[in-house]
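Asker:
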Amino acid sequence: MPGVFIKTYGCQMNERDSEAVAAQLVAKGYTLAPSEAAADVILLNTCSVRDFAEQKAIGKMQNIAADVRKNRPDVVLGFMGCMAQSRGQELIDKLPDVDLVLGTQKFHHAADYLDEILAGRRDKIVDVAAEPGSEATIREHLLNGNAQKSVTAFVSIMQGCNQYCTFCIVPDTRGEERSRSIPDIVAECRQLVSQGVKEITLLGQIVTSYGKRENIWTAAASEARRRFSDNDALVVAEAKAPSPLRSAGAVQNGKSPFVQLLDAVHEIEGLERIRFTAPHPKGYGDDLIQAYARLPKLVESAHLPVQSGSDRVLKLMHRGYTRERFLGIVKKLRRTKPDIGITTDIIVGFPGETEDDFEQTLSLTREVRFDNAYIFKYSQRRDTPAAEMPGQVPLKIREERNQRLLKTINEIGKQKYDAFIGRRTQILVEGPSKKNPARLTGRTRCNKIVVFDGSERHRGQLLDVKITRAGSFTLYGDPAIVNL
Ligand code: SAM
0 MPGVFIKTYG CQMNERDSEA VAAQLVAKGY TLAPSEAAAD VILLNTCSVR DFAEQKAIGK
60 MQNIAADVRK NRPDVVLGFM GCMAQSRGQE LIDKLPDVDL VLGTQKFHHA ADYLDEILAG
120 RRDKIVDVAA EPGSEATIRE HLLNGNAQKS VTAFVSIMQG CNQYCTFCIV PDTRGEERSR
180 SIPDIVAECR QLVSQGVKEI TLLGQIVTSY GKRENIWTAA ASEARRRFSD NDALVVAEAK
240 APSPLRSAGA VQNGKSPFVQ LLDAVHEIEG LERIRFTAPH PKGYGDDLIQ AYARLPKLVE
300 SAHLPVQSGS DRVLKLMHRG YTRERFLGIV KKLRRTKPDI GITTDIIVGF PGETEDDFEQ
360 TLSLTREVRF DNAYIFKYSQ RRDTPAAEMP GQVPLKIREE RNQRLLKTIN EIGKQKYDAF
420 IGRRTQILVE GPSKKNPARL TGRTRCNKIV VFDGSERHRG QLLDVKITRA GSFTLYGDPA
480 IVNL
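Residue 0 is where the sequence shown starts when you use numbering that gives the first Met the number 0, and the numbers rise one by one after that.
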């Protein structure tokens with residue numbers, strides 16, 4: 000059977016989409032090739048958030064085409080994901096070696112399209128149309144290729160984004176917000192737990208907007224029943240549906256649809272931990288903050304993308320909150336869970352950002368003391384309002400601000416990680432460390448990686464370790480003190 004190699008660029012949503020495509024292909028008899036050189040099909044799952052990510056994928060495809068076409072002319076080459084969606088046919092016009100361009104609502108057609116191309120029934124395929132119901136098609140899992148037990152899994156709960164931040168291309172590449180139903184998501188989570196998964200991360204562009212537009216207790220439930228043999232999961236989930244069933248986006252007992260989903264997932268027996276990403280700061284209502292106190296499986300970790308510390312810039316970005324509101328959320332979260340790990344995304348050099356605006360971002364960073372932050376140099380994206388705004392900041396200044404912010408983030412990160420030395424903390428053991436497979440790696444509830452000496456039988460266990468050393472955004476546990 001043909002071997003497929005998928006290379007993924009960008010966020011966790013993209014990783015999850017690639018996993019689902021790979022699992023669908025494996026189910027159809029494809030094998031997973033260990034490298035491009037050994038593959039009959041090479042797919043690049045692309046990112047459009049910054050121009051750099053697009054250029055990297057295009058450059059990669061040019062290299063692959065030049066390399067592969069010389070000796071193996073029959074290899075099928077494809078782009079999928081965000082850049083495929085936003086550029087469509089243009090990609091084949093630019094790179095005629097490409098056979099397949101698959102948009103973000105079409106991942107589940109990958110196997111059928113590849114079959115057609117490999118069988119010679121079709122030459123080139125470009126499919127970037129919208130497809131109702133596609134939000135519920137990212138559901139198959141590989142679980143480490145089934146070779147070993149996978150301890151953690153990502154579950155896609157929604158697709159698209161309606162926030163329209165002025166810098167962001169995502170509403171264009173991912174479309175309007177569409178959410179899966181609670182019974183459907185719970186059924187998938189239960190199936191994962193029955194296969195040994197202990198920790199689930201709920202995924203979406205803005206998870207706190209989950210279910211604002213649908214009736215989350217019934218939509219697509221029949222679809223889930225058709226696909227999942229585990230009917231009990233659905234019956235249980237549906238039995239918990241509020242009665243009478245309410246309309247789209249309904250708040251129940253003061254709980255937003257997202258918090259209702261957290262409650263439903265929390266009930267799954269055998270599941271140890273729940274995470275989610277990415278929320279929007281303005282989605283942190285009191286119901287979500289209280290969920291951290293109420294739900295023991297919801298770990299003490301929050302990724303809160305702040306983007307800027309200046310109210311003027313936040314307004315230009317169309318973020319929908321102020322610096323004060325953001326600081327208020329952080330304060331409430333820390334009051335509820337003092338040990339909560341808080342990370343963020345920050346854009347430097349947004350159009351019109353002055354030195355004073357940037358100083359406000361630095362001061363917010365010092366005030367919050369983030370555990371870590373992803374810093375992005377602003378990148379002009381086509382058809383976004385910010386691309387046309389006056390005061391585009393020269394690259395040199397964006398780079399310089401990036402360096403200054405990085406220095407502050409690293410200094411604070413070091414202090415925060417050092418503070419763990421000597422402390423006992425619970426980790427969920429995920430498996431061998433990527434850097435040194437002789438050692439094991441686990442994660443604290445506040446989302447810090449811990450490397451320690453252990454054995455394969457620790458995989459999937461919740462262990463108390465004592466932290467002996469802190470590296471750059473990694474903790475090390477003393478094997479002598481691991482509870483064996
Ligand atoms: N949905 C999340 C939200 O809105 O908070 C984040 C999703 S986005 C794919 C990941 C991060 O990329 C954003 O939080 C932002 O910091 C960054 N980003 C998005 N557009 C960008 C742009 N045009 N230039 C630089 N960074 C950008």
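Cβ atoms here follow ideal geometry from the backbone N, Cα and C, with glycine treated the same way.
All figures in this text were calculated on a predicted structure; none of them were measured in a lab.
Figure out for me which residue from V347, P389 and L405 has the closest Cα to the Cα of I396.
Answerer: Selected option, being the one with the closest Cα: V347.
Asker: Go through the segment 329-388 residue by residue and report every complete run of the alpha helix (DSSP H) that reaches 4 residues or more, in order.
Answerer: Fully enclosed alpha helix (DSSP H) runs of 4 or longer: 354-367.
Asker: Identify the continuous alpha helix (DSSP H) that holds K123 and give its terminal residues.
Answerer: Segment: none, K123 is in no alpha helix (DSSP H) and carries neither H nor E.
Asker: Can you pull the DSSP bridge partners for T45?
Answerer: G80.
Asker: By DSSP's criteria, L294 is part of a beta bridge. Which residues make up the other side?
Answerer: DSSP, once it has assigned bridges, lists no residue as partnering L294.
Asker: Thinking just about the alpha-carbon of each residue, which of P337, R293, V154 and D50 is nearest to the one in A277?
Answerer: Ranking P337, R293, V154 and D50 by Cα distance to A277 puts V154 first.
Asker: Beta strand (DSSP E) containing R423: first to last residue?
Answerer: R423 to P431 is the span of the beta strand (DSSP E), which, as asked, contains R423.
Asker: Between the C-alpha atoms of R423 and K447, what's the straight-line distance to the nearest angstrom?
Answerer: R423 and K447: Cα-Cα distance of roughly 13 Å.
Asker: Here's the rule: buried if 16 or more other CB atoms are within 10 angstroms of the residue's CB, otherwise exposed. What is D484?
Answerer: Given that the chain is displayed from residue 0 to residue 483, the structure contains no residue 484 and the question cannot be resolved.
Asker: Measure the alpha-carbon distance for D417 versus R468 and round it to whole angstroms.
Answerer: In a straight line, the C-alpha of D417 is about 7 Å away from that of R468.
Asker: Around the Cβ of M157, are there at least 16 other Cβ atoms within 10 angstroms (buried) or fewer (exposed)?
Answerer: Looking at its Cβ environment, which holds 16 or more other Cβ atoms inside 10 Å, M157 is buried.
Asker: If you reduce the DSSP assignment to three classes, tell me which class I137 lands in.
Answerer: In this structure, I137 counts as coil in the three-state DSSP scheme.
Asker: Buried or exposed: which applies to G58, given that a residue is buried once 16 or more other Cβ atoms fall within 10 Å of its Cβ?
Answerer: By the neighbour-count rule (16 or more Cβ atoms within 10 Å), G58 is not buried but exposed.
Asker: Could you give the residue range of the beta strand (DSSP E) that holds G2?
Answerer: Element bounds for G2: G2 to T7.
Asker: Report yes or no: do three or more beta-carbon pairs, one from the segment 55-75 and one from the segment 20-29, lie closer than 8 Å?
Answerer: Touching, no.
Asker: For I339, which residues of its own chain have a beta-carbon under 8 Å away from its beta-carbon, when the five flanking residues on both sides are left out?
Answerer: Y291, E299, S300, A301, L332, R333 and C445.
Asker: Does the Cβ of R15 have 16 or more other Cβ atoms within 10 Å, making it buried, or fewer, making it exposed?
Answerer: That one is buried.
Asker: Whole angstroms are fine: how far does the CA of K465 sit from the CA of D50?
Answerer: Rounded to the nearest angstrom, the two C-alpha atoms are 43 Å apart.
Asker: Could you check whether the segment 124-134 touches the segment 100-110, counting it as contact only if at least three pairs of C-beta atoms, one from each stretch, sit closer than 8 Å?
Answerer: Touching, yes, given that three or more Cβ pairs across the two stretches are closer than 8 Å.
Asker: For a test of your reading of the model: does the CB of F166 fall under 8 Å from any non-hydrogen atom of the ligand SAM? Yes or no.
Answerer: Yes.
Asker: With distances taken from CA atoms, which of S17, F472 and L361 is nearest L142?
Answerer: Measuring from the Cα of L142, the nearest candidate turns out to be S17.
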